[in-house]
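Residues 148 to 294 in my numbering are what the sequence shown spells out, letter by letter.
Here a beta-carbon is modelled for each residue, glycine too, at the ideal position from N, C-alpha and C.
Just so it is clear, the structure is predicted and the values come from calculations on it, not from any experiment.
Data first, discussion second: the structure below is written as structure tokens.
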Amino acid sequence: MTIIPYEDKYRDDLIFMILEAKNALGRVPGLNEDLLDIQNSYISKGGMFWVAINDDDRVVGSVGVSMIDSSTECYIHRLFVKYNQKHKGIGSELLAVAEAYAIEKNRTAILVHLGSPKEQWFESWKFYPKNGYVEIEKNNMRKIIWK
Numbered sequence: 148m149t150i151i152p153y154e155d156k157y158r159d160d161l162i163f164m165i166l167e168a169k170n171a172l173g174r175v176p177g178l179n180e181d182l183l184d185i186q187n188s189y190i191s192k193g194g195m196f197w198v199a200i201n202d203d204d205r206v207v208g209s210v211g212v213s214m215i216d217s218s219t220e221c222y223i224h225r226l227f228v229k230y231n232q233k234h235k236g237i238g239s240e241l242l243a244v245a246e247a248y249a250i251e252k253n254r255t256a257i258l259v260h261l262g263s264p265k266e267q268w269f270e271s272w273k274f275y276p277k278n279g280y281v282e283i284e285k286n287n288m289r290k291i292i293w294k
């Protein structure tokens, strides 16, 4: 598995992987419009997006970072791992790449918005606290990365 910056050739595979991941969690899979244009949604605005690729050049994970205007904080978005590839460290590696990018861009904290109800997003609600994120308000967590 290799984590690389997003390329448009992976768009359809990325979308399919995310829809599968949502379906595997028992959620009605819906398409997030930002995924249709990663370049304009993330990269051209100072953020970044990565995909985890397996040996067959297929998307098995993703994560994006978006900057917050006039702030030293940023958001993590679309951290997904292919449903049959979970619990292999891919999510942790993707998160580490995103956090390193935020540090490189002199951000002081990373925010993440989690879905509700918690029962439908149970994996996220377990994953982020395990990685140092704390709830700061309903459905929002923060990790201080720079002091």
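Contact check for L258 against N287 passes: the beta carbons are separated by less than 8 Å.
Short of 6 Å from the beta carbon of R289, and not among the five residues preceding or following it, lie these beta carbons of its own chain, in chain order: A256, L258 and I283. With a threshold of 16 other beta carbon atoms within 10 Å, H224 meets it and is buried. Proximity of the stretch 193-204 to the stretch 259-272 falls short of the contact definition, fewer than three beta-carbon pairs being nearer than 8 Å. Judged by beta-carbon spacing, P152 lies beyond the 8 Å limit of L166, meaning their Cβ atoms are not closer than that value. DSSP places S218 in no alpha helix (DSSP H); its state is neither H nor E.
The alpha helix (DSSP H) runs lying completely inside the stretch 249-288 and spanning 4 residues or more are 269-277, given in chain order. Take the alpha-carbon of Y157 and the one of D181: they are about 14 Å apart.
The criterion of a C-beta distance shorter than 8 Å is satisfied by A249 and C221. It is roughly 18 Å from the alpha-carbon of V210 to the alpha-carbon of F269. Contact between K192 and V207 is absent: CB atoms are separated by about 26 Å, not below the 8 Å threshold.
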